[in-house]
Each structure stands twice: as C-alpha cells, then as structure tokens.
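Number of protein chains: 2
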Amino acid sequence: MGRWKPDARGRLEQAALELYGERGFEQTTAKEIAERAGLTERTFFRHFADKREVLFPHANPLRESLVTALDSVPVTAAPIDVVAAALESACGLFAERRELARQRQAVIDANTELQERELIKLASLVSALAEALRRRGVADPAAILAAEVGVAAFKVAFGRWISQPDQHDLARLVRDTLEELRAVTAGK
Amino acid sequence: MGRWKPDARGRLEQAALELYGERGFEQTTAKEIAERAGLTERTFFRHFADKREVLFPHANPLRESLVTALDSVPVTAAPIDVVAAALESACGLFAERRELARQRQAVIDANTELQERELIKLASLVSALAEALRRRGVADPAAILAAEVGVAAFKVAFGRWISQPDQHDLARLVRDTLEELRAVTAGK
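Listed in order, the protein sequences are those of chains A and B.
Numbered continuously in my numbering, the first sequence closes out at residue 249.
Numbered continuously in my numbering, the second sequence closes out at residue 249.
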C-alpha cells in the first residue's frame with residue numbers, strides 16, 4: 062500500500078463495484094474499497110468525495126460529451142437526428158466499460174436511493190440536451206420532446222447492451238432502438 | 062376548530078399548497094396547515110402521513126386510472142394508441158384541479174427533494190404502463206418505448222396546461238403533444 066501504481070482511480074472504481082456487488086452498497090466502506098485496490102483510504106478520498114461518487118461522478122462525462130457532440134452536428138439536421146448523432150457519438154465513452162457498466166447497473170438496481178440518483182442523472186441529461194437544442198434555435202416543444210425521446214431510447218438501448226452478451230455495438234443498438242421508437246410512435 | 066365541515070382532506074390540501082407557496086415547503090408545519098384549514102393537527106394526520114404526502118398521495122390515482130383505462134382499450138389498437146387513449150382518459154382526474162396543479166408544481170420546482178420525488182413518481186407511471194402493455198401481449202422494447210414516449214408527452218402537455226391560461230383542455234393538449242412528438246420523432 063502507498064506505493065504509486067498507475068490508474069489509482071480506475072482500480073478504486075473496479076474494487077468498489079466488486080465490493081458493492083458482493084456485499085451491497087450500504088455494507089461497503091471507503092476503507093474496504095481502498096484495501097481491495099491496494100491503496101490508502103486517503104487516496105480514495107483524493108479521487109471520490111464519497112462511495113456514491115464512484116457510481117455517479119461529479120463531472121458527468123456523458124452529459125458533457127453529448128452536449129459537445131450535439132454542438133458539432135450541422136444546423137440543417139432535424140432535431141431528432143441531431144440528438145441521435147450526439148447519442149451515437151457519446152457511445153465511445155463506454156467502449157471498454159461494458160463489464161463495469163453491467164456491475165454498476167446491478168448495484169443500482171439493488172438500491173432504491175441509487176435508483177433515485179440515476180433518475181436525477183437521466184433527467185439532467187434531458188435538460189442538457191433540450192438546452193443545447195434551444196441554443197441551436199430549436200423551439201419548444203420540439204426541443205424538449207426530441208431530448209426526452211433521445212434519452213428514453215438511449216436508456217433502453219443501454220439496458221439491452223449490458224444485458225445481452227451477443228450485442229457488442231452500443232451505437233448500433235441506439236440507432237436500432239430509435240428506429241423502433243419511431244415505428245412505435247407512428248403507431249406501427 | 063373541531064366542528065365537522067365537509068371535505069376536510071380537500072381543505073387541508075388547499076391550505077397546504079397556499080402555505081408551501083407563501084413560506085416554502087420546508088418552512089411549513091403540519092400544525093400550521095391544520096390551523097389554516099380550520100382543523101386540528103390530529104385531523105391532518107388522519108388524512109396524510111406527513112406534509113409531503115399532500116403533494117404525493119400514497120394512493121396514486123393517476124397511475125391507477127391509467128392502468129384501468131389501458132386495460133379497457135380494444136386489444137387491436139397499436140401500443141402507442143392504447144397509451145394515448147389511457148392518458149386522455151386519465152385527464153378527467155385533473156378537470157377541476159388546474160389551480161391546485163399549478164400551485165403544486167410551483168412548490169415542487171422550488172425544492173430539489175420534491176423534484177426527485179416527482180421523477181420517481183413519473184418513473185413509476187412508465188413502469189406501470191409498460192407492465193400493463195406486456196400483460197396485453199405487447200413485447201419489449203415496444204412496451205417500454207410506448208410507455209416512455211407516452212409519459213414524456215403527458216409531462217410536456219401537463220406543463221403547458223398549467224402554465225398557459227388559454228389552454229383549458231388537458232386531453233386535447235395531450236393529443237396535440239403526442240402528435241408533435243410523432244412529427245419530431247419522424248425527423249420533421
């Protein structure tokens with residue numbers, strides 16, 4: 062312990078998800094996470110404010126990536142296509158993280174308080190996307206509806222991606238799910 | 062105080078919404094609500110477990126009404142049309158309650174904890190609708206997507222209804238918003 066090894070944050074995250082899965086989120090302490098990762102508790106608190114922040118990082122890379130991607134789509138595209146392009150581009154964030162995402166989801170599904178936190182995170186994605194669309198001149202209700210629909214499709218696609226081992230391509234699942242959503246909404 | 066008057070629950074609700082709006086939700090006590098309604102604190106607690114339950118009744122009439130309405134739509138209808146019919150039919154619940162709904166929303170918008178509670182309530186509507194669709198033989202992802210889309214449209218329509226004094230017909234706004242959602246999703 063104490064000696065420097067690369068990627069302390071990544072090791073802490075992995076150790077935390079293992080322990081949350083084995084013992085439950087409530088029953089795991091920061092000290093135990095640090096021990097499992099071969100690091101000190103002090104190092105844990107240099108990277109995370111508390112054990113919940115392992116699951117919900119203060120900086121929200123998904124939200125930032127979505128807004129950045131959205132701002133770079135040509136202004137001529139329809140709002141839903143802008144949202145789709147942003148969502149597909151953000152999928153790169155998860156490329157090497159499917160097992161971590163699966164573990165994280167299992168921890169969240171087992172804890173009501175964490176489920177609430179996840180709902181808040183998703184609602185903040187909807188707000189950020191709608192706001193970015195409005196900045197591009199998309200009026201309401203189109204802006205809020207495109208954002209709601211996009212996040213709903215992403216959520217369903219993400220659930221399929223982590224639960225279906227034969228589905229490797231998250232971006233493709235997002236595209237397919239949006240296509241299904243289109244068909245459902247059209248009444249087909 | 063103490064003498065029986067009709068509709069204690071309704072008077073308590075009205076008094077609570079007034080006080081939450083005037084002083085803030087956190088700053089209001091059950092005792093003050095009862096006093097404003099001309100009733101005893103004991104009567105308050107016969108109707109509500111706590112002051113939050115005034116905003117989020119334990120029995121969720123909207124969810125129950127949606128599921129009942131959904132179960133009575135012909136099985137031949139497309140999932141989205143089933144959801145639309147259920148949502149429109151549930152609008153009757155709010156017929157005489159626009160001012161109360163407006164006050165309630167203002168209280169919720171001013172308080173993070175209440176916003177979280179509202180997200181949970183909306184998520185439980187999505188689950189209930191999706192589950193009722195599955196019982197009718199609708200497979201996933203169509204069931205969950207139709208439920209997500211329906212609740213998103215309802216949320217937006219409800220926001221318009223309580224903020225736009227010239228819009229009186231919630232069911233019509235739900236229909237219009239679903240139509241706009243259809244156009245947005247189609248990429249128009």
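Think of the CB as a built atom: it goes at the ideal place given N, C-alpha and C, for glycine as much as any other residue.
{"query": "Segment contact flag, the region 128-142 of chain A with the region 179-194 of chain A, C-beta cutoff 8 Å, min 3 pairs", "result": "yes"}
{"query": "Any C-beta of chain B under 7 Å from that of A/I94", "result": "no"}
{"query": "Alpha carbon of B/A218 to alpha carbon of B/A151, nearest angstrom", "result": "13 Å"}
{"query": "Chain A within 7 Å of B/V199, Cβ atoms only", "result": "no"}
{"query": "Neighbourhood of A/L175 by C-beta distance below 6 Å, restricted to the same chain and skipping five residues each side", "result": "I169"}
{"query": "Test item: CB-CB of B/T238 and B/A208 under 7 Å", "result": "no"}
{"query": "CB contact below 7 Å: A/I141 versus chain B", "result": "yes"}
{"query": "Whole alpha helix (DSSP H) elements within the region 211-247 of chain B, 4-residue minimum", "result": "231-246"}
{"query": "Residue-level contact to chain B via CB, A/P226, 7 Å cutoff", "result": "no"}
{"query": "Proximity of A/L206 and B/V245 at Cβ, strictly below 7 Å", "result": "yes"}
{"query": "Interface residues of the region 167-197 of chain B facing chain A [CB-CB below 7 Å]", "result": "E177, L180, I181 and A184"}
{"query": "Run of the alpha helix (DSSP H) containing A/H108, from where it starts to where it stops", "result": "E102 to H108"}
{"query": "Per-residue contacts from B/R97 into chain A (C-beta, under 7 Å)", "result": "What B/R97 touches in chain A: nothing, since even the nearest Cβ is about 31 Å away."}
{"query": "Positions along the region 105-126 of chain B whose CB lies within less than 7 Å of some CB in chain A", "result": "none"}
{"query": "For B/L116 and B/R165, believed in contact at Cβ under 8 Å, the rounded distance", "result": "6 Å"}
{"query": "Burial state of A/G85 (16 or more Cβ within 10 Å)", "result": "exposed"}
{"query": "Min CB distance B/I223 to chain A below 7 Å", "result": "no"}
{"query": "B/V144 classed as buried or exposed, judged by whether at least 16 other C-beta atoms fall within 10 angstroms", "result": "buried"}
{"query": "Three-state class that DSSP yields for A/R197 in the structure shown", "result": "coil"}
{"query": "Own chain residues within Cβ distance below 7 Å of A/M62, not counting five before or after", "result": "With a pLDDT of only 46 at A/M62, under the threshold of 50, the placement of this residue in the model should not be trusted; the figure read from the coordinates follows. G99, L100 and T101."}
{"query": "Distance CB(A/L73)-CB(A/F106) smaller than 7 Å", "result": "no"}
{"query": "Cβ-Cβ distance between B/A232 and B/E149 below 7 Å", "result": "yes"}
{"query": "Three-state secondary structure (DSSP) of A/D111", "result": "coil"}
{"query": "is_contact[A/V134, chain B] using C-beta, thresh 7 Å", "result": "no"}
{"query": "Test: B/E240 CB closer than 7 Å to a CB of chain A", "result": "no"}
{"query": "Contacts that B/E149 makes with chain A (C-beta to C-beta distance below 9 Å)", "result": "Result: empty, since nearest Cβ-Cβ is about 15 Å, beyond 9 Å."}
{"query": "Pair within 7 Å by beta-carbon distance, A/I94 and A/L78", "result": "no"}
{"query": "Chain-ordered residues of the region 198-217 of chain A with a beta carbon less than 7 Å from chain B", "result": "P202, A203, I205, L206, A207, E209, V210, A213 and V217"}
{"query": "For A/R97 and B/G211, the rounded distance between their alpha carbons", "result": "45 Å"}
{"query": "B/L80: first and last residue of the uninterrupted alpha helix (DSSP H) it sits in", "result": "A69 to R84"}
{"query": "CB contact flag (B/G248, A/A147, <7 Å)", "result": "no"}
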